[in-house]
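When the sequence shown is numbered by this note's numbering, its final residue is 1335 and no position is left out of the sequence of numbers. Backbone N, C-alpha and C define an ideal beta-carbon position, used for all residues, glycine too.
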Amino acid sequence: MLEDWDFNRNACPVEEELSCRALLHWRLRIFTGSVNEEEKKIIKFYLKTASKIIDDSMPRKISGI
């Protein structure tokens, strides 16, 4: 069962795959216009939150110009 699996911070392929698929699904729904305005607000909130979490956990290197 899922709760018996040994997940650690560096190796969560199932969780990562599910998260990526959910984000792609939400973006596709907004892109295709298959959501109403209320759903759109909720989805955009989730996408913004996910983006913030990703940016905070994986900072980008800024190269000097």
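Best match in the options for proximity to residue i [C-alpha to C-alpha]
| i | options | result |
| --- | --- | --- |
| I1313 | P1283, R1299, E1287 | R1299 |
Residue i, DSSP secondary structure in three states
| i | result |
| --- | --- |
| V1305 | coil |
Whether residue i touches residue j by CB criterion (9 Å)
| i | j | result |
| --- | --- | --- |
| L1288 | L1317 | no |
Span separating the alpha-carbon of residue i from that of residue j
| i | j | result |
| --- | --- | --- |
| A1320 | R1297 | 12 Å |
| K1322 | N1306 | 24 Å |
| D1325 | E1308 | 26 Å |
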